[in-house]
Amino acid sequence: MASPDQGLAAYVPRPTWLDAASPFTKLIWLGCAVVWAVAIPSPPALAALAAATAALAPLAQVGRPFAVMLWKIALPLLVALALVQGFLVYGFGYALLQGLRLLVVMETAFLFVLTTHPAKLVASLLARRLPNTVGYVVLATLQSVPMLQRRAATILDAQRARGLEVEGGLVTRLRAYLPLIAPLVLSALSEVDERALALETRAFSVPGPKTHLDPPREAPSDRAARWLLAAATLALVPLRVLVWR
Amino acid sequence: MAVAAACEDYTFWYEGTSVPALASVTVAIEAGTFVGIVGRNASGKSTLCYSLAGLVPNFYHGRWTGRVLLFGEDAADLGLAGAVTRVGFVFHNPESQLSGTSLTVREEIAFGLGNLGLAPSEIAARTDETLALLGLRDLAARSPYALSGGQQQLVVLASVLAMRPRMLVLDEPTSELDPVGTAEVFALLARLKAAGTTLVVAEHKSALLAQHADRLLWIDGGRLRADGTPAQVFGAVGPADGVALPAPTAVARGLAARGRWTGPLPVRLEQLVEGLPHGRI
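Line by line, the protein sequences give chains Y and F. Residue numbers for the first sequence follow this note's numbering, so the first one is -9 and each next one is one higher. Residue numbers for the second sequence follow this note's numbering, so the first one is 18 and each next one is one higher.
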């Protein structure tokens, strides 16, 4: 996860090929992973794809934060899915298939956020004529989760200072989080006006093209990678028709 | 001296209100001066700051009579884009002024420059120049969210200054900072003043205004009640008017009430010491 000094994002710069790849290419990869996960109906094929995706993490020097994300985010979701769909609704086979699909998408998403500079992602999208406002919303959304986590921790500390019990069993902890919701939501809403003002004072609405300190660069390999991703996605059509009928 | 900004018999009502936030305010801010604004909470200080920054009526809407001129042009005609490229604005909460899009201080300072559409080489040059000017080079690679409140406010100031505004308006810039952060911000303002930057600062910390401001405006009930040097204004108002006096002024007033101080009231410690017989109370 993010180092303390990193503050707001999971991304940490690393001198690797995946870090250097264009954010737009990685976004296309994420989109393709969603298509692959939905289109492939074979658990062994999905398991192989999940293993191949996971194998990229150490190569991209993000093995540890990737594993932490798998443990903290993917595992609880997969367990919940297995419990609900496997035992209660559709049976183990269906739960396994859906779980593997979810795993492929989440692994790709984790690698994406761990190796993609958020501002460069938006700069890359702006270079493809994405409106500045949409770009900001995408970026601010990516950044908002850790920011809300920080604020929630502050509110929780304040509540604990006034005697709120937050340690103990699941019910105690869940009960402790209820008083957090109102101040968290209200403080976030009250800051909207200030944030809008701050953006405007930094020329956010000044008309004209926007630029970037470190504009995104496209290597020839990015174009090749996108063609490969497209080809792999198209190759699913005959596989789906002939093999996975 | 050239006038940077001026209110001419300006009255402003926020949308949906019947009581004006500013009433018949006439004031001119001369270029290169440091003007402080004092007054109780909800007296109209922030609205005057917004007006002098062109944010009223371009960001905060409402109706008005009179006009505000920014460098000779009507603020209402300039629009928001015209106003923010002429006047920099900084407010109290440093964290909510961060763009939320930058992983490093250097990127944060570059944010506004990118919005202006400057070439990347120009953005880099201005960013590095501002980092050096404000002594923030050591923080350049740090996350702005990992800094202290004072450092964050310096980064916000840097990001506004990098856009090279012709005037800077600060609305209670140190109200959420500790004494160290407050001192850092005012040390920077002193350097900007020495470099000839026009500064308008609304602030409750009267001792700091007494030390740095050339001129003070006292706002109460949306009206400009006093306009003069710090000695003149602090000599005319007091805690009953919602203005905390600098300690030397308060001490001298107490002495004057006992007949032990004559002459103009001091606003700085050295003035108090000089005015005391034998330098002692």
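We treat Cβ as the ideally placed atom computed from N, Cα and C, and that holds for glycine. None of these values were measured; they are calculated from a predicted model.
Residue-level contact to chain Y via CB, residue i, 8 Å cutoff
{"i": "A92 of chain F", "result": "no"}
{"i": "V202 of chain F", "result": "no"}
{"i": "N58 of chain F", "result": "no"}
{"i": "A219 of chain F", "result": "no"}
{"i": "V42 of chain F", "result": "no"}
{"i": "F251 of chain F", "result": "no"}
{"i": "F106 of chain F", "result": "yes"}
{"i": "V85 of chain F", "result": "no"}
{"i": "V15 of chain F", "result": "This structure cannot speak to residue 15 of chain F, because chain F is shown only from 18 to 298."}
{"i": "L133 of chain F", "result": "yes"}
{"i": "G129 of chain F", "result": "yes"}
{"i": "F88 of chain F", "result": "no"}
{"i": "F51 of chain F", "result": "no"}
{"i": "F76 of chain F", "result": "yes"}
{"i": "T246 of chain F", "result": "no"}
{"i": "V55 of chain F", "result": "no"}
{"i": "V101 of chain F", "result": "yes"}
{"i": "T144 of chain F", "result": "yes"}
Residues bridged to residue i (per DSSP)
{"i": "R232 of chain F", "result": "F:V52"}
{"i": "W30 of chain F", "result": "F:R80"}
{"i": "I46 of chain F", "result": "F:A22"}
{"i": "V104 of chain F", "result": "F:M184"}
{"i": "A38 of chain F", "result": "DSSP output for A38 of chain F lists no bridge partner at all."}
{"i": "T215 of chain F", "result": "F:M184"}
{"i": "D147 of chain Y", "result": "None; D147 of chain Y has no bridge partner."}
Chain F contact for residue i (CB, 8 Å cutoff)
{"i": "R192 of chain Y", "result": "yes"}
{"i": "P205 of chain Y", "result": "yes"}
{"i": "L(-2) of chain Y", "result": "Because the pLDDT of L(-2) of chain Y is 48, which lies under 50, any placement of that residue in the model is unreliable, and the question is left without a value."}
{"i": "V161 of chain Y", "result": "no"}
{"i": "R4 of chain Y", "result": "no"}
{"i": "A209 of chain Y", "result": "no"}
{"i": "F14 of chain Y", "result": "no"}
{"i": "L187 of chain Y", "result": "yes"}
{"i": "G198 of chain Y", "result": "yes"}
{"i": "Y126 of chain Y", "result": "yes"}
{"i": "Y84 of chain Y", "result": "no"}
{"i": "Y1 of chain Y", "result": "yes"}
Under 8 Å between C-beta atoms of residue i and residue j
{"i": "A50 of chain Y", "j": "R4 of chain Y", "result": "yes"}
{"i": "E201 of chain F", "j": "G255 of chain F", "result": "no"}
{"i": "G61 of chain F", "j": "V260 of chain F", "result": "no"}
{"i": "E181 of chain Y", "j": "V101 of chain F", "result": "no"}
{"i": "L203 of chain Y", "j": "G131 of chain F", "result": "yes"}
{"i": "T118 of chain F", "j": "A109 of chain Y", "result": "yes"}
{"i": "L39 of chain F", "j": "G292 of chain F", "result": "no"}
{"i": "V284 of chain F", "j": "A248 of chain F", "result": "yes"}
{"i": "I46 of chain F", "j": "A23 of chain F", "result": "yes"}
{"i": "H78 of chain F", "j": "P190 of chain F", "result": "no"}
{"i": "Q169 of chain F", "j": "P161 of chain F", "result": "yes"}
Through-space distance from residue j to residue i, alpha-carbon basis
{"i": "L138 of chain Y", "j": "L129 of chain Y", "result": "14 Å"}
{"i": "E139 of chain F", "j": "A149 of chain F", "result": "15 Å"}
{"i": "V186 of chain F", "j": "G105 of chain F", "result": "6 Å"}
{"i": "D(-5) of chain Y", "j": "L116 of chain Y", "result": "With a pLDDT of 44 at D(-5) of chain Y, under the threshold of 50, the predicted position of this residue should be treated as unreliable, though the coordinate-derived value follows. Going from the Cα of D(-5) of chain Y to the Cα of L116 of chain Y covers about 27 Å."}
{"i": "L218 of chain Y", "j": "E208 of chain Y", "result": "16 Å"}
{"i": "Y67 of chain F", "j": "V73 of chain F", "result": "5 Å"}
{"i": "V124 of chain Y", "j": "L90 of chain Y", "result": "32 Å"}
{"i": "F286 of chain F", "j": "G83 of chain F", "result": "Phe is not the amino acid found at residue 286 of chain F; the sequence shown has Leu there. The alpha-carbon atoms of L286 of chain F and G83 of chain F are separated by roughly 40 Å."}
{"i": "D26 of chain F", "j": "W81 of chain F", "result": "10 Å"}
{"i": "T106 of chain Y", "j": "A42 of chain Y", "result": "19 Å"}
{"i": "Y31 of chain F", "j": "L206 of chain F", "result": "30 Å"}
{"i": "K16 of chain Y", "j": "P206 of chain Y", "result": "13 Å"}
{"i": "L135 of chain F", "j": "T201 of chain Y", "result": "6 Å"}
{"i": "L78 of chain Y", "j": "A72 of chain Y", "result": "9 Å"}
{"i": "S195 of chain Y", "j": "G99 of chain F", "result": "10 Å"}
{"i": "V268 of chain F", "j": "A211 of chain F", "result": "30 Å"}
{"i": "V28 of chain Y", "j": "G159 of chain Y", "result": "38 Å"}
{"i": "F51 of chain F", "j": "D231 of chain F", "result": "5 Å"}
{"i": "A38 of chain Y", "j": "A179 of chain F", "result": "51 Å"}
{"i": "L86 of chain F", "j": "A70 of chain F", "result": "10 Å"}
Beta-carbon neighbours of residue i, restricted to chain Y and to distances below 7 Å
{"i": "L97 of chain F", "result": "E190, S195"}
{"i": "I140 of chain F", "result": "T201, L203"}
{"i": "V20 of chain F", "result": "Result: empty, since nearest Cβ-Cβ is about 22 Å, beyond 7 Å."}
Within chain F, the residues that residue i reaches when beta carbons sit closer than 9 Å
{"i": "A130 of chain Y", "result": "S116, G117, T118"}
Cross-chain neighbours of residue i in chain Y, by beta carbon under 8 Å
{"i": "P137 of chain F", "result": "T201, H202, L203, D204, P205"}
{"i": "V177 of chain F", "result": "T191, R192"}
{"i": "S113 of chain F", "result": "E181, E184, R185, A188"}
{"i": "M180 of chain F", "result": "R192, A193"}
Contact list for residue i against chain F, beta-carbon separation under 8 Å
{"i": "A109 of chain Y", "result": "T118, S119, L120, E124"}
Proximity test, Cβ basis, 8 Å: residue i and chain C
{"i": "T214 of chain F", "result": "Of the chains in the structure shown, none is chain C; the protein chains are Y and F."}
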